[in-house]
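Scroll down for the structure; my scribbles are underneath it.
Residue numbers (my numbering): 33 to 241.
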């Protein structure tokens, strides 16, 4: 299967790593070659903007089976998904969605939206209230399978030195992507520019090896 990943985010890189042994994976990003080399990925790369028609054509969208829009910019993901559907007639397009209110827009385009919040809440809400061990560091971990991708969810405490830092500065923490924050007993969506507060616990998603 030929899979084109748009965006060299942490999730994009981890997805490429997971899929590359059994699939033809192409990574598209302005820094695709650099990020793939840094991660030790043996995949094809196209360096360029993910909404540039010539870049997407070079990446093989005319012949690919699946497109995954995984940049950190939801507007770019939406535009790239729309281009994949309307200009290249890609049958299967999957996109990361940061704002649940945008679900409808993606679905109307025929794009499969995957929400950070929904993914996290589905895995944790049944367990989190009675699962806290009170120990420092990782307090809960669970695994799931999403569209053939093995995922591990980790809930962990924040080092005091990161209090006041923005979520986007923490995305490599625990080797994964920060999806949500557990704050005052509530799970909230973790947007890149949100600041971490004292007492926050972060929920990260990593691709299982």
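Positions of the beta carbon are idealized from the N, C-alpha and C atoms, including for glycine. Nothing here was measured: the structure is a model prediction, and the numbers come from that model.
Check, Outcome
"How should residue 231 be labelled, buried or exposed, when 16 other C-beta atoms within 10 angstroms of its C-beta is the threshold for buried?", "exposed"
"Taking just the CA atoms, how far does residue 115 sit from residue 37?", "14 Å"
"Run through DSSP, which three-state label would residue 143 get?", "coil"
"Alpha carbon to alpha carbon, what distance is there between residue 188 and residue 87?", "39 Å"
"Note down, in chain order, each residue of its chain lying with its Cβ closer than 7 Å to the Cβ of residue 161, except the 5 sequence neighbours on either side.", "Because residue 161 carries a pLDDT of 44, less than 50, the predicted location of this residue cannot be relied on, and the following value inherits that uncertainty. Cβ within range, chain order: n/a, list empty."
"Which residue wins for smallest C-alpha separation from residue 98, given the options 65, 125 and 200?", "125"
"Would you tell me roughly how many angstroms separate the C-alpha atoms of residue 119 and residue 186, rounded to the nearest one?", "38 Å"
"Can you check whether the CB of residue 106 is closer than 7 Å to the CB of residue 138?", "no"
"Quick one: what's got a C-beta closer than 7 Å to residue 80's C-beta in the same chain, skipping five residues either side?", "60, 62 and 87"
"Comparing C-alpha positions only, which one of 46, 109 and 141 sits nearest to residue 127?", "109"
"Exposed or buried, what is residue 140 when buried is set at 16 or more other beta-carbons lying within 10 Å of its beta-carbon?", "exposed"
"Among 144, 74 and 71, whose alpha-carbon lies nearest the alpha-carbon of residue 102?", "144"
"On the CB-based measure, 16 or more other CB atoms within 10 Å of its CB, does residue 33 come out buried or exposed?", "exposed"
"Tell me the start and end of each unbroken alpha helix (DSSP H) in the region 80-112 that is at least 4 residues and wholly inside, in chain order.", "85-90"
"Quick check on this structure: which residue in 85, 47, 218 and 225 has the alpha carbon closest to the alpha carbon of residue 74?", "47"
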